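Below is one structure, written out as structure tokens; the observations come after it.
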Amino acid sequence: MKLKNLTALVLPGLLCLACSLPEERSLAEGHKKSALPERPGTSRYSPDSIQVKQLLETKQCQGCHLSGADLSGANLQGANVYGADLRGAKLDQANLKGANLIQADLREANLSQTNLQQANLTGAQLSWQHQQSGSGEPIRTNLQRANLSGATLVTAYLSGADLTGANLQGAYLHGANLTGAILSKVDLGKADLLGVKLNGADLSGADLRRANFALASLLKANLSGANLQKAYLHAAALNEADLNQANLNQTDLSAADLSGANLSRVNLSGANLKRASLAKANLSGGILHRIILQGADLSEANLTGADLRQADLRQAYFNGADLNQVNLDRADLRGAKLSGANLDGAKPESAVGYNQPLLFPTAQASPPQHSH
Numbered sequence: 064m065k066l067k068n069l070t071a072l073v074l075p076g077l078l079c080l081a082c083s084l085p086e087e088r089s090l091a092e093g094h095k096k097s098a099l100p101e102r103p104g105t106s107r108y109s110p111d112s113i114q115v116k117q118l119l120e121t122k123q124c125q126g127c128h129l130s131g132a133d134l135s136g137a138n139l140q141g142a143n144v145y146g147a148d149l150r151g152a153k154l155d156q157a158n159l160k161g162a163n164l165i166q167a168d169l170r171e172a173n174l175s176q177t178n179l180q181q182a183n184l185t186g187a188q189l190s191w192q193h194q195q196s197g198s199g200e201p202i203r204t205n206l207q208r209a210n211l212s213g214a215t216l217v218t219a220y221l222s223g224a225d226l227t228g229a230n231l232q233g234a235y236l237h238g239a240n241l242t243g244a245i246l247s248k249v250d251l252g253k254a255d256l257l258g259v260k261l262n263g264a265d266l267s268g269a270d271l272r273r274a275n276f277a278l279a280s281l282l283k284a285n286l287s288g289a290n291l292q293k294a295y296l297h298a299a300a301l302n303e304a305d306l307n308q309a310n311l312n313q314t315d316l317s318a319a320d321l322s323g324a325n326l327s328r329v330n331l332s333g334a335n336l337k338r339a340s341l342a343k344a345n346l347s348g349g350i351l352h353r354i355i356l357q358g359a360d361l362s363e364a365n366l367t368g369a370d371l372r373q374a375d376l377r378q379a380y381f382n383g384a385d386l387n388q389v390n391l392d393r394a395d396l397r398g399a400k401l402s403g404a405n406l407d408g409a410k411p412e413s414a415v416g417y418n419q420p421l422l423f424p425t426a427q428a429s430p431p432q433h434s435h
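Here is the structure:
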């Protein structure tokens, strides 16, 4: 009787305990799960606060999730953020001198007045996204007035980035993509831009003296008022580019393609355009004193009022070109082809080697072909 009573008392308690275990276990697991840190990247602009603190304290944060982080004015000199996610980060006026930003993602980041002197941005992403801002304009990575002098930007992706007034003097940009970028009034003096893509880019008023643009693509780029004195643009593609009033004094444009380009009122004195293509280009009013145009194609080009004194025009093609009022005093026309050219007021007889039967052949000579 006692055993029966004891069982009656204990059994319901055990059953109640058994019933409550799943619920308690579920609650415990829920508390444990909520206590774990959330996985970075759950929000587009949600930086990992722990990693932000780590960067500020140690300057070491490889592959960190820092998108949207506010690092304005931070001293990150020599920091290592290799492969870090810095999309939309605020880095304006920050000091990133000598920082390692290789393969970092800086799309839509604000790098206005940031010091990136001697920083390594090889393979970094600095392009603009295709999202539209409230004004309807594309959101661009902001690098206005940033200091990138001596920085390494080899194969960096800067398509559409805003680098207005930035200092890129002596920077290395081999193979970088700057398509559609804003580079107005930038300093790219002595910069190495071998093979870069600058199609449709705005380089108006830029300082490009002694810069290397060999094999670069500048299709329809805006270079109006730019200073390209002694720059190297061998075999560069400048088709339909705007070079109005640009300074190309002693610039090397040998084998470059300037077909359809606007070169009105440019200074090309002493420039080398040997074997260059200038078909249908506008060179009206240009200063072409002592220019080298040997073997160049100027078919249907507009050279109205241009100064070609002492120019080397040997074997050049002027078929159908407009040479109205051109100054050809002591220019070398030996072997040049002027079939169908307009020479009103040009006085070609003052040029060296003027020989009408050779200059105006009955058979139309074919100019050299360019691969661009």
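Residue numbers for the sequence shown follow our numbering, so the first one is 64 and each next one is one higher. Quick reminder that beta carbons are idealized off the backbone N, C-alpha and C, glycines included. Values in this document were obtained by computation on a predicted structure and should not be read as measured data.
Length of the line joining the Cα atoms of residue i and residue j
{"i": "L406", "j": "Q176", "result": "52 Å"}
{"i": "A209", "j": "L376", "result": "43 Å"}
{"i": "A15", "j": "A379", "result": "The displayed coordinates of the chain run from 64 to 435. Any statement about residue 15 would go beyond what the structure contains."}
{"i": "Y417", "j": "K160", "result": "59 Å"}
{"i": "A300", "j": "V115", "result": "43 Å"}
{"i": "R150", "j": "L134", "result": "12 Å"}
{"i": "Q436", "j": "G358", "result": "The requested residue 436 does not occur in the structure, where the chain is confined to residues 64 to 435."}
{"i": "T121", "j": "L271", "result": "38 Å"}
{"i": "L321", "j": "D111", "result": "50 Å"}
{"i": "L174", "j": "L241", "result": "16 Å"}
{"i": "S317", "j": "G403", "result": "25 Å"}
{"i": "R273", "j": "L129", "result": "37 Å"}
{"i": "S109", "j": "A152", "result": "10 Å"}
{"i": "L341", "j": "D360", "result": "6 Å"}
{"i": "N387", "j": "L346", "result": "12 Å"}
{"i": "L296", "j": "I354", "result": "15 Å"}
Cβ shell of residue i (< 8 Å), same chain only, five flanking positions each side left out
{"i": "A269", "result": "L246, S247, K248, V249, D250, L251, L286, A289 and N290"}
{"i": "Q125", "result": "N143, V144, Y145, G146 and A147"}
{"i": "V217", "result": "T185, G186, Y235, L236, H237, G238 and A239"}
{"i": "K95", "result": "With a pLDDT of 32 at K95, under the threshold of 50, the predicted position of this residue should be treated as unreliable, though the coordinate-derived value follows. Contacts found: none."}
{"i": "A244", "result": "L221, S222, G223, A224, D225, L226, L261, A264 and D265"}
Bridge partner(s) assigned by DSSP for residue i
{"i": "I245", "result": "D225 and D265"}
{"i": "S340", "result": "D320 and D360"}
{"i": "K283", "result": "In DSSP, K283 forms no bridge with anything."}
{"i": "V415", "result": "D395"}
{"i": "H128", "result": "D148"}
{"i": "Q378", "result": "DSSP output for Q378 lists no bridge partner at all."}
{"i": "K293", "result": "K293 pairs with nothing; no bridge assigned."}
{"i": "A300", "result": "S280 and D320"}
{"i": "I355", "result": "N335 and D375"}
Residue i CB to nearest heavy atom of the ligand NAP below 7 Å
{"i": "S267", "result": "This structure lacks the ligand NAP; in fact it carries no ligand of any kind."}
Short Cβ contact (8 Å threshold) for residue i with residue j
{"i": "L326", "j": "L306", "result": "yes"}
{"i": "A324", "j": "A344", "result": "yes"}
{"i": "A304", "j": "K283", "result": "yes"}
{"i": "A369", "j": "L396", "result": "no"}
{"i": "A157", "j": "A137", "result": "yes"}
{"i": "N230", "j": "L257", "result": "no"}
{"i": "T314", "j": "A294", "result": "yes"}
Chain-order list of residues whose beta-carbon lies under 7 Å from that of residue i (same chain, five-residue window excluded)
{"i": "R372", "result": "H352, N390, D392, R393 and A394"}
{"i": "R328", "result": "N307, Q308, G348 and G349"}
{"i": "D385", "result": "N365, L366, T367 and N405"}
{"i": "K410", "result": "L391"}
{"i": "N330", "result": "N310, L311, N312 and I350"}
{"i": "G233", "result": "S212, G213, K253 and A254"}
{"i": "S190", "result": "R170, T204, Y220, L221, S222, G223 and A224"}
Residue interval of the alpha helix (DSSP H) (run including residue i)
{"i": "S112", "result": "S112 to T121"}
Same chain, Cβ closer than 6 Å to residue i, five either side skipped, listed in chain order
{"i": "C127", "result": "Q114 and A147"}
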